[in-house]
Amino acid sequence: MSRALMPNLLTPQDLEPNWEWRERLPAWGHSSVDFERRIDHDRLRRYRLARTRQSLQNSKAGSLLLFDVNNIRYVTATKIGEWERDKMCRFCLLTGDDSPYVWDFGSAAVHHKRHSDWLEPDHCLAGVVGMRGTIPPDFGLMQKYAKMIAQLIKDAGMADMPVGVDYAETAMFHALQEEGINVVDGQQIMLAAREIKNWDEIQLLTQAAAMVDGVYHMIYEELKPGIRENDIVALSNKMLYEMGSDDVEAINAISGERCNPHPHNFTDRYFRPGDQAFFDILQSYQGYRTCYYRTFNIGRATPVQNDAYVKAREWIDASIAMIKPGVTTDKVAAVWPTAESLGFPNEDAAFGLQFGHGLGLALHERPIISRAISLDHPMEIKTGMVFALETYCPATDGYSAARIEEEVVVTETGCEVISLFPAEDLPIANRY
1 MSRALMPNLL
11 TPQDLEPNWE
21 WRERLPAWGH
31 SSVDFERRID
41 HDRLRRYRLA
51 RTRQSLQNSK
61 AGSLLLFDVN
71 NIRYVTATKI
81 GEWERDKMCR
91 FCLLTGDDSP
101 YVWDFGSAAV
111 HHKRHSDWLE
121 PDHCLAGVVG
131 MRGTIPPDFG
141 LMQKYAKMIA
151 QLIKDAGMAD
161 MPVGVDYAET
171 AMFHALQEEG
181 INVVDGQQIM
191 LAAREIKNWD
201 EIQLLTQAAA
211 MVDGVYHMIY
221 EELKPGIREN
231 DIVALSNKML
241 YEMGSDDVEA
251 INAISGERCN
261 PHPHNFTDRY
271 FRPGDQAFFD
281 ILQSYQGYRT
291 CYYRTFNIGR
301 ATPVQNDAYV
311 KAREWIDASI
321 AMIKPGVTTD
331 KVAAVWPTAE
341 SLGFPNEDAA
351 FGLQFGHGLG
361 LALHERPIIS
371 RAISLDHPME
381 IKTGMVFALE
391 TYCPATDGYS
401 AARIEEEVVV
411 TETGCEVISL
421 FPAEDLPIAN
431 RY
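Positions 1 to 432 (UniProt numbering) are the ones given, in order, by the sequence shown.
(1) Which residues does DSSP list as the beta-bridge partners of Asn252?
(2) I believe Phe279 touches Ile219 by the beta-carbon criterion, under 8 Å. Please report the beta-carbon distance rounded to the nearest angstrom.
(3) Is the beta carbon of Ala277 less than 8 Å from the beta carbon of Phe296?
(4) What is the residue span of the alpha helix (DSSP H) that Asp317 lies within?
(5) Around the C-beta of Ser236, are 16 or more other C-beta atoms found within 10 angstroms, so that it is buried, or is it exposed?
(6) Taking the straight line between their C-alpha atoms, what separation do you get for Phe344 and Ala372?
(7) Please report the straight-line C-alpha distance between Glu412 and Ile72, rounded to a whole angstrom.
(8) Where does Pro367 sit, in a helix, a strand or coil, going by DSSP?
(9) For Asp117, which three-state DSSP category applies?
(10) Hey, out of Asp155, Met161, Val184, Gly274, whose CA is closest to Tyr167's CA?
(11) Taking the straight line between their C-alpha atoms, what separation do you get for Asn230 and Trp336?
(12) Find the nearest neighbour of Val408 within the set Gly62, Arg289, Leu240, judged by alpha-carbon distance.
(13) Exposed or buried, Tyr309, counting other C-beta atoms within 10 Å across all chains shown (16 or more means buried)?
(14) Answer with buried or exposed for Lys224, where buried requires no fewer than 16 other C-beta atoms within 10 angstroms of its C-beta.
(15) Are the stretch 190-206 and the stretch 173-180 touching by the rule of at least three beta carbon pairs closer than 8 Å?
(16) Would you mind reading off the limits of the alpha helix (DSSP H) that contains Phe173?
(17) Give me, in chain order, the residues of the same chain whose beta-carbon lies closer than 6 Å to that of Asn306; leave out the 5 immediate sequence neighbours on both sides.
(18) Looking at the unbroken alpha helix (DSSP H) that takes in Val69, where does it start and where does it end?
(19) Count the other CB atoms within 10 Å of the CB of residue 466; is the residue buried (16 or more) or exposed (fewer)?
(20) For residue 456, which three-state DSSP category applies?
(21) Let me know the secondary structure DSSP gives Asp425 once reduced to three states.
(22) In the structure shown, what three-state DSSP assignment does Phe344 receive?
(23) Beta-carbon separation of Lys324 and Gly414 under 8 Å?
(24) Just how far apart, CA to CA, sit Tyr101 and Ile254?
(25) Let me know the secondary structure DSSP gives Cys415 once reduced to three states.
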């Protein structure tokens with residue numbers, strides 16, 4: 001059996017992030033080859049479990065019960081189809097010094113036993129609870145698994161300690177409480193584990209960003225009258241899946257009079273000459289996410305559209321310049337304009353427009369950077385964090401707007417941008 005996730009075989013070395021800060025972060029090819037050291041998946045699996053176990057030891061909990069598929073993947077390195085993301089049908093237990101248990105969807109557990117040799121075979125179990133209530137609680141499945149989980153925790157000697165749960169169905173919380181389990185917030189434990197990326201995670205995030213670089217070049221070539229927002233979404237999905245994406249979570253495509261206020265969606269609107277248009281591509285490669293905006297104009301741009309772009313660029317450059325280890329997020333948020341200066345009544349109404357958020361197996365990880373949160377509740381920026389910074393500026397014409405987002409890796413001395421499609425100046429697609 002592989003030593004990857006055997007807790008008694010984990011060593012202090014497994015907590016090492018193995019960063020190799022060079023002139024530029026590499027974006028390797030996606031295949032495994034014998035002539036370059038690329039992604040070390042065993043090292044990745046051991047690092048993630050070691051980080052989780054360390055975070056658990058630093059908390060008041062003795063065990064973790066996880067239903068969030070991002071957390072399950074982080075701890076067990078298991079994944080099934082994207083259809084399961086919102087079904088709450090899989091779960092994982094990490095307790096004491098034991099190796100992780102994972103309950104999966106029917107035959108997926110058999111697959112793990114056969115092909116996931118970093119897991120103990122008898123810890124790969126078939127199981128399902130409520131599937132968002134479609135299996136009624138009175139069927140008794142939640143009580144069945146709550147009893148099993150309580151016994152495993154007792155066997156591990158952790159029965160007197162709280163259990164961190166990330167999220168679960170309400171009836172599952174009741175079933176756990178009936179078994180005498182003291183439930184505490186496990187999501188914070190997991191977010192603390194996931195906030196620092198090792199070298200393999202950083203390479204996967206860089207590879208994911210490189211895929212989006214290519215999609216934006218395609219968009220730049222395709223933007224013209226006669227093409228609709230949903231056409232760009234379709235072409236982008238096709239290209240990303242052909243490139244190896246395992247999940248195109250969403251693509252925002254917003255143009256013309258839809259730019260202000262930002263609707264966070266796409267429609268069947270046709271692009272028109274002179275439109276300002278911005279896009280966000282949210283996809284994952286081997287689970288690791290992108291969040292990457294770019295703004296274009298179709299054919300031509302007005303002075304006020306260009307002015308909005310210049311301001312958005314200035315704001316994002318100012319925030320990037322702040323990023324280095326030891327800086328706190330309130331200092332970053334302070335360089336962004338207030339909500340009121342952009343015409344919003346308060347920071348809650350403008351939430352997400354001037355924004356920063358961690359990237360990893362989830363779209364939103366630590367740190368979160370926002371004037372609505374960070375000014376009063378700052379977090380420290382640390383080496384190995386990877387996050388996106390995004391700005392938004394409405395144009396004075398009342399309907400256009402510019403939106404820019406850059407992904408950054410925090411190095412030992414500052415940060416490196418890994419979203420590389422040119423955005424220093426407003427790109428004009430198919431200029432007249």
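Glycine is no exception: its CB is placed at the ideal position from the N, C-alpha and C atoms.
None of the values given here were measured: they were computed from a predicted structure.
According to the data block:
(1) Asn252 is bridged to Asp280.
(2) 6 Å
(3) yes
(4) 303-322
(5) buried
(6) 13 Å
(7) 29 Å
(8) Here Pro367 sits in strand by DSSP.
(9) coil
(10) Val184
(11) If I take the Cα positions, the gap works out to 31 Å.
(12) Arg289
(13) buried
(14) exposed
(15) no
(16) 170-178
(17) Contacts found: Leu426.
(18) 69-76
(19) With the chain covering 1 to 432 only, the question about residue 466 has no answer from this structure.
(20) This structure gives no information on residue 456, because the portion of the chain shown stretches from 1 to 432.
(21) Here Asp425 sits in coil by DSSP.
(22) Three-state DSSP puts Phe344 in coil, outside helix and strand.
(23) Taking 8 Å as the Cβ cut-off, Lys324 and Gly414 qualify as a contacting pair.
(24) 43 Å
(25) strand
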